[in-house]
Amino acid sequence: MEKKQKRVVTELEYLGMSGWEKFCYKFISFFKKLPTVFLHFFTATIPALALRFWDAFSGIFKKLWIAMKNGDWKTRLSFLVMGFGQFTRGQVMRGVVYLVFEILFILFMALFGAGQLALFGGPGYTETTAGGWIVDPVTGQEKYVTAAVGDNSLLVLLYGILTMIFIVAFVYAWYSNVKAAYYAQEMKEAGQRLPSAMDDLHSFADTQYHKTLLAIPLLGLVIFTIFPIIFMVFVAFTNYDMQHMPPAHLFQWVGLANFKAVFGGSLSGGTQFGMVFGRILLWTVIWAVFATFTNYLLGMVVAIMINKKGIRLKKLWRTVLIMTVAVPQFVSLLLMSQMLGDYGIINSLMQNWGLTTAPIKFLSDGTIAKVTIILVNIWIGIPYTMLMVSGILMNIPADLYESARIDGAGAFRQYFKITLPYVLHVTTPYLISNFVGNLNNFGVIYLLTGGGPTMAIAGVDGAGETDLLITWLYKLIMDKKLYGVASVISILMFLITGIISLVTYNRSASVKNEEDFM
Amino acid sequence: MAKKFRSKKLVERGTNTVIYIILTAISIIWLIPFVFLILQSLRGEPGATTNYFFPKQWTIDNYVRLFKNQGVSASTGEIVSTGSYNFMNWYGRTLLISVCVTVIQTAIVLVTSYALSRLRFRMRKPLMNLMLILGMFPGFMAMTAMYFLLQLLGLTQNMSIVGLVLVYVGSSCMGYYICKGFFDTIPKSLDEAARIDGASRQMVFFKIILPLSKPIIIYTVLTAFMGPWGEYMFASLIANGDPSYWNVAVGLRDMIQREQLTAYSDSFQRFCAAAVVVSLPITILFFLLQRYYVEGVTGGSVKG
Numbered sequence: 021m022e023k024k025q026k027r028v029v030t031e032l033e034y035l036g037m038s039g040w041e042k043f044c045y046k047f048i049s050f051f052k053k054l055p056t057v058f059l060h061f062f063t064a065t066i067p068a069l070a071l072r073f074w075d076a077f078s079g080i081f082k083k084l085w086i087a088m089k090n091g092d093w094k095t096r097l098s099f100l101v102m103g104f105g106q107f108t109r110g111q112v113m114r115g116v117v118y119l120v121f122e123i124l125f126i127l128f129m130a131l132f133g134a135g136q137l138a139l140f141g142g143p144g145y146t147e148t149t150a151g152g153w154i155v156d157p158v159t160g161q162e163k164y165v166t167a168a169v170g171d172n173s174l175l176v177l178l179y180g181i182l183t184m185i186f187i188v189a190f191v192y193a194w195y196s197n198v199k200a201a202y203y204a205q206e207m208k209e210a211g212q213r214l215p216s217a218m219d220d221l222h223s224f225a226d227t228q229y230h231k232t233l234l235a236i237p238l239l240g241l242v243i244f245t246i247f248p249i250i251f252m253v254f255v256a257f258t259n260y261d262m263q264h265m266p267p268a269h270l271f272q273w274v275g276l277a278n279f280k281a282v283f284g285g286s287l288s289g290g291t292q293f294g295m296v297f298g299r300i301l302l303w304t305v306i307w308a309v310f311a312t313f314t315n316y317l318l319g320m321v322v323a324i325m326i327n328k329k330g331i332r333l334k335k336l337w338r339t340v341l342i343m344t345v346a347v348p349q350f351v352s353l354l355l356m357s358q359m360l361g362d363y364g365i366i367n368s369l370m371q372n373w374g375l376t377t378a379p380i381k382f383l384s385d386g387t388i389a390k391v392t393i394i395l396v397n398i399w400i401g402i403p404y405t406m407l408m409v410s411g412i413l414m415n416i417p418a419d420l421y422e423s424a425r426i427d428g429a430g431a432f433r434q435y436f437k438i439t440l441p442y443v444l445h446v447t448t449p450y451l452i453s454n455f456v457g458n459l460n461n462f463g464v465i466y467l468l469t470g471g472g473p474t475m476a477i478a479g480v481d482g483a484g485e486t487d488l489l490i491t492w493l494y495k496l497i498m499d500k501k502l503y504g505v506a507s508v509i510s511i512l513m514f515l516i517t518g519i520i521s522l523v524t525y526n527r528s529a530s531v532k533n534e535e536d537f538m
Numbered sequence: 021m022a023k024k025f026r027s028k029k030l031v032e033r034g035t036n037t038v039i040y041i042i043l044t045a046i047s048i049i050w051l052i053p054f055v056f057l058i059l060q061s062l063r064g065e066p067g068a069t070t071n072y073f074f075p076k077q078w079t080i081d082n083y084v085r086l087f088k089n090q091g092v093s094a095s096t097g098e099i100v101s102t103g104s105y106n107f108m109n110w111y112g113r114t115l116l117i118s119v120c121v122t123v124i125q126t127a128i129v130l131v132t133s134y135a136l137s138r139l140r141f142r143m144r145k146p147l148m149n150l151m152l153i154l155g156m157f158p159g160f161m162a163m164t165a166m167y168f169l170l171q172l173l174g175l176t177q178n179m180s181i182v183g184l185v186l187v188y189v190g191s192s193c194m195g196y197y198i199c200k201g202f203f204d205t206i207p208k209s210l211d212e213a214a215r216i217d218g219a220s221r222q223m224v225f226f227k228i229i230l231p232l233s234k235p236i237i238i239y240t241v242l243t244a245f246m247g248p249w250g251e252y253m254f255a256s257l258i259a260n261g262d263p264s265y266w267n268v269a270v271g272l273r274d275m276i277q278r279e280q281l282t283a284y285s286d287s288f289q290r291f292c293a294a295a296v297v298v299s300l301p302i303t304i305l306f307f308l309l310q311r312y313y314v315e316g317v318t319g320g321s322v323k324g
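Protein chains in written order, with my numbering: chain A, 21 to 538; chain B, 21 to 324.
Here it is in structure tokens:
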């Protein structure tokens, strides 16, 4: 094995390796290539993406320019009056839809959106008053503030983002309107029949069925995922915290102050955010690695034991283990947190039996709590792996084992040369998604220890020894209301998990394409 | 030769014995907490903890008090009404939310999976990549923004059932992986044959794909139904501290807050009773539909 690390392995040598050696080789070369992969990601993948994005972007303007240049007056008028081109060419329904959308948009912007955007980009917000004419402290101009809406910076932010999303939707509709108008013109010039309203409706059940199907799911995605993300990104640049809670006290734009606070600088109140952030990040990564691999390896061992030929009562063992999947997880976790408490049943029994004199601090000592959490997580997690691996084990062709046995391979050799490589090969994507899931595993930590015990760093209130980034965020928001800083941390988390999983995901996909198992 | 054969058999029997011992030990470890849960829910002695495993007095009073919305006062030991800390209310709310989420989420997941598996359109790949990346954003951060949005719409506190259903269902299209993986395995030739016979894509979806998808539909229903029962973060956020608007997860966690566990209080016993009441239907449902769940887990993880 060591030799292979040092020099390049030829294809022939690679084919000559056993399954286990192949796996080792892949494993080692995966980590050896990791820096290159990261480099590749930044130097090649991102520029390529940017280039493609630019191509698509300039393509839009090219198409618009062509429509402007070659279009007749009907098409050109569509630039201003949406739906005009369709309307005058007999596609009344399409025309009406476009036109109504434009009118709605103009009304919305004139009555509401434009004002919100002006406030949004404005230099600062005025505190809410009872209403009436007040002097803006920044611009010095008089302006009217109503009591109902006020100048609530939270609402301004919300409405501003919603308006921007609406504008993007409008621009897209406008672009597709121009494109469709020009397309209709070309069709007419070529002497072809334009699709009628009925054709359009039918196409939504057939050629354009994806639009019908995805409309509602994507609307949900925009409102409940994309909008909140944009919101949090903006909040990262404000001083939204306990002292600045709208509507009573407004928050303002503060530039990069929150980022500085997280990276080493101290926040007002002397809290060493950078240091705490580093410690929590370290534990988060350690936890994710342990939680993922202990569950995976032990779950596989249990699955192999249960599925071994000659072991009886397979169904019974499986059913018993599945209990932790079947019982709602929060029940199991809360129960465990009670049983393992300082005065919980386990400590009581052990003292009763004379095994210990003082309660073992399963959940109230930093180091022990970390071990306990990982152990409880094994209790929760093994059944999932066991179920999954059992299914895969049954899929391994029996003749592989048959021929291995004829060649004289024992149980261990069979395991290392057939079972393990096969299962690993098939479940790499699961491992990655499980790892990312564990980075953000709120339930186990919060319900077991609540992140506690508190860290022994002076001036750090709130952060606990077993806090993951996600539970720390929860505390920062629920207890401390430090929205600005919490946003910065979540952006950082997003970048970390995003890059790790994108890189590994692409990598594993390419491995899979390169050479399939067998 | 015969000797060798026999020793091999002995080794085999030895390993099997070891495996049996390990499996029995594991089973005991896995079951003890649940046995403890049931025993404690039937415990008659007052107080938060005992220093023995099996209760000395057996009773169903914990269940009775739970259903009658009563509890033993932590300070005086009298039976008092628990007021707005009403378990049956939490249970009803969670059940209603769960049913709504199940219906909507199943529809959304099926529809998204079909579109991404069977239909070919320009934005398909970018959309799948986008969902992959969006899935890595810490969900909790999205929740604060969503909270403000729901507050604007008036969907917190007494409208929180609607709000919670919207939130749980809102991004459910991102969980399409397993279902799409299943659709991918249905032969394309079926679609093509139907298309040649003049079926639209909609008809293919309803007449061909859906009837063949019973296992994955059951899997989706099962996971969608089980999801809201354990959701803690948003349910506590949206209730804004008012126990009338909690779900079971928030309520049960509150039951075993440290300050309530005194020598008189029965909140731990009631917690156990409540946990049994919550777990029983879900566990039974799960074991009935276990086969489909296992198929989903195996298929989905392998597909990736």
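The beta-carbon is built from N, C-alpha and C at its ideal position, and this holds for glycine as well.
All figures in this text were calculated on a predicted structure; none of them were measured in a lab.
In chain A, what lies closer than 8 Å to residue i by C-beta?
i                      : result
residue 134 of chain B : 233
residue 229 of chain B : Here the premise fails: no neighbours, minimum Cβ distance about 12 Å.
residue 328 of chain B : Nothing in the structure corresponds to residue 328 of chain B, since chain B is present only between 21 and 324.
residue 105 of chain B : Going along chain A, no residue has its Cβ under 8 Å from residue 105 of chain B, so there is no contact; the nearest lies around 16 Å.
residue 32 of chain B  : 330
Relative to the alpha-carbon of residue i, which residue among the options has its alpha-carbon at the smallest distance?
i                      : options                       : result
residue 514 of chain A : B:217, B:222, B:195 and B:152 : B:152
residue 129 of chain A : A:420, A:180, A:232 and A:387 : A:180
residue 92 of chain A  : A:483, A:502 and A:203        : A:203
residue 93 of chain B  : B:306, B:287 and B:304        : B:287
residue 122 of chain A : A:389, A:466 and A:188        : A:188
residue 60 of chain B  : A:343, A:48, A:355 and A:35   : A:355
residue 182 of chain A : A:245, A:428 and A:231        : A:245
residue 228 of chain B : B:208, B:259, B:265 and B:78  : B:208
Does residue i get closer than 9 Å to chain A when you measure Cβ to Cβ?
i                      : result
residue 94 of chain B  : no
residue 40 of chain B  : yes
residue 292 of chain B : yes
residue 50 of chain B  : yes
residue 257 of chain B : yes
residue 221 of chain B : yes
residue 299 of chain B : yes
residue 273 of chain B : yes
residue 144 of chain B : yes
In the DSSP output, what is residue i paired with across the bridge?
i                      : result
residue 99 of chain B  : B:92
residue 484 of chain A : A:474
residue 78 of chain B  : B:63
residue 258 of chain A : A:273
Whose Cβ in chain A lies nearer than 9 Å to the Cβ of residue i?
i                      : result
residue 212 of chain B : Result: empty, since nearest Cβ-Cβ is about 14 Å, beyond 9 Å.
residue 252 of chain B : 350, 462, 463, 466 and 467
For residue i, go through chain B and note every residue whose CB falls closer than 7 Å to its CB, in chain order.
i                      : result
residue 78 of chain A  : Correct list: empty, because the minimum Cβ distance to chain B is about 17 Å.
residue 344 of chain A : 50
residue 337 of chain A : 43 and 47
In chain A, what lies closer than 7 Å to residue i by C-beta?
i                      : result
residue 269 of chain B : 350
Would a check of beta-carbon distances place residue i closer than 9 Å to chain B?
i                      : result
residue 389 of chain A : no
residue 247 of chain A : yes
residue 536 of chain A : Low local confidence applies: a pLDDT of 38 at residue 536 of chain A is under 50, so the model's placement there is unreliable, with the coordinate-based value given in what follows. So no, residue 536 of chain A is outside the interface.
residue 431 of chain A : yes
residue 410 of chain A : yes
residue 347 of chain A : yes
residue 462 of chain A : yes
residue 368 of chain A : yes
Using the beta-carbon of each residue, which ones in chain B are nearer than 9 Å to residue i?
i                     : result
residue 60 of chain A : What residue 60 of chain A touches in chain B: nothing, since even the nearest Cβ is about 17 Å away.
Considering just the uninterrupted stretch of the alpha helix (DSSP H) at residue i, what are its terminal residues?
i                      : result
residue 209 of chain A : 173-209
residue 394 of chain A : 386-415
residue 72 of chain B  : Neither: residue 72 of chain B is in no alpha helix (DSSP H) and is coded neither H nor E.
residue 90 of chain A  : 66-90
Anything in chain B within Cβ reach of residue i, meaning under 8 Å, just list it in chain order.
i                      : result
residue 237 of chain A : 128, 131, 132, 192 and 193
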